[in-house]
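The structure appears right after this line, and notes come after that.
In my numbering, the protein residues as written are 17 to 195.
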């Protein structure tokens, strides 16, 4: 985001917002562990991946909070599970998850997978909104664990106000940017 920020702000107006779309798929796998951001001594690949995706959701919220008054809005979007080349790089055991009978109906083509992020970038229906999670070409709701692991929705930990500010400030510090 940081390298694109000047261009997005320069193109933004309050009548026609610029939009930052941040993709976040495994946002429920883990919260951001601020006390051990690199998961030293506690690393597990899906926890690390989930933490990074939760961090992206938090980043979109904080970007929107900081820059919406200047016409820059941010969304996090679920790019859906699609059978793209990514899955040829994961271990066979993990790729078997794509055969899960509950997940199979949700697997989409690359084109279908791009629909939500494309909608987020251009939809007039989202004008004036931001800091929200989108999936299946709609504004998402909170995840209901009773509906199962593959049900739509975001985890409530992804919308804790203290988390987004803390993460954004830490990110700026880590890349040597000013707050």
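Positions of the beta carbon are idealized from the N, C-alpha and C atoms, including for glycine.
Minimum C-alpha distance to residue i - residue among the options
{"i": "residue 94", "options": "144, 181, 130", "result": "130"}
{"i": "residue 186", "options": "40, 49, 34", "result": "49"}
{"i": "residue 47", "options": "192, 194, 183, 153", "result": "183"}
{"i": "residue 144", "options": "40, 51, 35, 119", "result": "35"}
{"i": "residue 119", "options": "180, 167, 150, 41", "result": "167"}
{"i": "residue 17", "options": "150, 155, 149, 74", "result": "74"}
{"i": "residue 138", "options": "21, 153, 127, 125", "result": "153"}
{"i": "residue 159", "options": "20, 44, 28", "result": "44"}
Residue interval of the beta strand (DSSP E) (run including residue i)
{"i": "residue 35", "result": "34 to 39"}
{"i": "residue 257", "result": "Here the chain covers residues 17 to 195 and nothing more, so residue 257 does not appear."}
{"i": "residue 92", "result": "88 to 93"}
Residue i versus residue j - alpha carbon distance
{"i": "residue 140", "j": "residue 82", "result": "22 Å"}
{"i": "residue 92", "j": "residue 59", "result": "25 Å"}
{"i": "residue 23", "j": "residue 30", "result": "15 Å"}
{"i": "residue 173", "j": "residue 64", "result": "16 Å"}
{"i": "residue 178", "j": "residue 78", "result": "10 Å"}
{"i": "residue 148", "j": "residue 56", "result": "31 Å"}
{"i": "residue 189", "j": "residue 117", "result": "44 Å"}
{"i": "residue 66", "j": "residue 80", "result": "22 Å"}
{"i": "residue 122", "j": "residue 180", "result": "29 Å"}
{"i": "residue 150", "j": "residue 165", "result": "17 Å"}
Residue burial classification, residue i (beta-carbon count within 10 angstroms, cutoff 16)
{"i": "residue 61", "result": "exposed"}
{"i": "residue 33", "result": "buried"}
{"i": "residue 133", "result": "buried"}
{"i": "residue 88", "result": "buried"}
{"i": "residue 69", "result": "buried"}
Residue span of the alpha helix (DSSP H) that contains residue i, given as start and end
{"i": "residue 21", "result": "21 to 27"}
{"i": "residue 190", "result": "177 to 190"}
is_contact[residue i, chain B] using C-beta, thresh 8 Å
{"i": "residue 49", "result": "Of the chains in the structure shown, none is chain B; there is only one protein chain."}
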